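Under full-length UniProt numbering, think of the first position of the sequence shown as 1, with each following residue one higher.
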Amino acid sequence: MIEILSPTDVLRAKGTGALVAGILQTLKSRCVVGTNLLDIDQWAQAMITEAGAQSCYVDYEPSFGRGPFGHYICTSVNDAVLHGLPYDYPLADGDLLSLDLAVSLGGVVADSAISFIVGDVRPPESLALIDATERALRAGIAVAGPGVRIGDISHAIGSVLNGAGYSVNTEFGGHGVGSTMHQDPHVSNTGRPGRGYRLRPGLLLALEPWVMADTAALVTDADGWTLRSATGCRTAHSEHTIAITDDGADVLTLPTS
Numbered sequence: 001m002i003e004i005l006s007p008t009d010v011l012r013a014k015g016t017g018a019l020v021a022g023i024l025q026t027l028k029s030r031c032v033v034g035t036n037l038l039d040i041d042q043w044a045q046a047m048i049t050e051a052g053a054q055s056c057y058v059d060y061e062p063s064f065g066r067g068p069f070g071h072y073i074c075t076s077v078n079d080a081v082l083h084g085l086p087y088d089y090p091l092a093d094g095d096l097l098s099l100d101l102a103v104s105l106g107g108v109v110a111d112s113a114i115s116f117i118v119g120d121v122r123p124p125e126s127l128a129l130i131d132a133t134e135r136a137l138r139a140g141i142a143v144a145g146p147g148v149r150i151g152d153i154s155h156a157i158g159s160v161l162n163g164a165g166y167s168v169n170t171e172f173g174g175h176g177v178g179s180t181m182h183q184d185p186h187v188s189n190t191g192r193p194g195r196g197y198r199l200r201p202g203l204l205l206a207l208e209p210w211v212m213a214d215t216a217a218l219v220t221d222a223d224g225w226t227l228r229s230a231t232g233c234r235t236a237h238s239e240h241t242i243a244i245t246d247d248g249a250d251v252l253t254l255p256t257s
């Protein structure tokens, strides 16, 4: 299903996006060496509940996972890149942490992810991975607008990732959002321009470039959820929810500071 939101719903989506962005930035500020992934999950739960919002993950049970997910946020560390199930792990100096959060507020969903280094150790490879996904995300957003094809966004994202020397996995990518977290259209992180669905005002898209340092192959943890690089290399993931407007795209999940 491809859902086109009314102007009123898009306005509500802006509120959801601001909430998601604020929670992610608060969690980032609290993540220090020794922080436990389970604490991050509890902090996310408290902030979602306090805002009168609902988690999109607790009852999430897609065909590819061993559901329900049962937690409020995805916490992916180092070689984990997607759907990281929180577990009893204290963060170490130099860990690369990706936080992925999707929340529903007022009946509209926003979805965002950030990757960052914990502590004082700054591994150059990790910084390069994060930079590539952030640049790819900006490139995808820059071309989004009414009349643009999904393939145009995919091509913009993939050009940055490939140009940085990374292979692109096409099993998971961006997607439509609205009254639910995962909707059509699928937005691959690489593709051919001029192909696919033509964007319309009122469409919400979650764009999410992610890469692995030396492979495009994934493996799934025994928990049935956490996706890791097949080689054990580090990974990064960046995501924003955007709303297609009459003259471009608004980023709904930008942090205010």
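Every residue, glycine too, gets a C-beta built ideally from N, C-alpha and C.
Computed from a predicted model, the values in this text were never measured in an experiment.
Looking at the backbone, the Cα of Gly-178 and that of Pro-255 are separated by about 20 Å. Judged by their CB atoms, Thr-215 and Thr-231 are nearer to each other than the 8 Å cut-off. Cβ-Cβ separation between His-237 and Trp-210: approximately 4 Å, consistent with a contact (criterion under 8 Å). Across the structure, Tyr-87 and Ala-44 are spaced so that their CA atoms are roughly 14 Å apart. Remark: C-beta atoms of Gly-106 and Gly-15 approach each other more closely than 8 Å.
Of the residues assessed, Arg-192 falls on the exposed side of the cut-off, its CB having fewer than 16 other CB atoms within 10 angstroms.
As the crow flies, the alpha-carbon of Cys-233 is around 27 Å from that of Ile-153. Note on Glu-171: under 16 other CB atoms within 10 angstroms of its CB, so exposed under the neighbour-count rule.
With at least 16 other beta carbons inside 10 angstroms of its own, Met-212 counts as buried.
If you look at Thr-16, you'll find it in the alpha helix (DSSP H) that goes 7-30. In the DSSP assignment, His-155 falls outside any beta strand (DSSP E) and lies within the alpha helix (DSSP H) extending over 150-163. Unbroken alpha helix (DSSP H) stretches of 4 residues or longer found wholly inside the region 30-112: 37-50, given in chain order.
A straight-line Cα-Cα distance of about 44 Å links Tyr-197 and Val-33. For the set Thr-49, His-83, Leu-11, Arg-228, the Cα lying nearest the Cα of Gly-65 is the one of His-83. Put simply, the region 89-104 does not touch the region 159-169. Fewer than three CB pairs are less than 8 Å apart. By the Cβ test, the region 1-8 is not in contact with the region 49-63, since fewer than three Cβ pairs between them sit closer than 8 Å. The beta carbon of Asp-250 sits closer than 6 Å to those of Ala-243, all from its chain and outside the five residues before and after it, given in chain order. Apart from sequence neighbours up to five positions away, the residues of its chain that approach Thr-253 with a beta-carbon distance below 7 Å are Gly-17, Val-20, Ala-21, Ala-110, Ser-112, His-240, Thr-241, ordered along the chain.
The secondary-structure analysis by DSSP pairs Val-211 across a beta bridge with Ala-236. Taking 8 Å as the cut-off, the Cβ atoms of Ile-114 and Leu-24 count as close. Inter-residue distance for Leu-199 and Leu-205 is about 10 Å (C-alpha atoms, whole angstroms).
Boundaries for Ser-167: no beta strand (DSSP E) harbours it, and the DSSP string shows neither H nor E there. Under the three-state reduction of DSSP, Thr-133 is assigned to helix. Distance from the CA atom of Met-47 to the CA atom of Ile-130, rounded to whole angstroms, is 26 Å.
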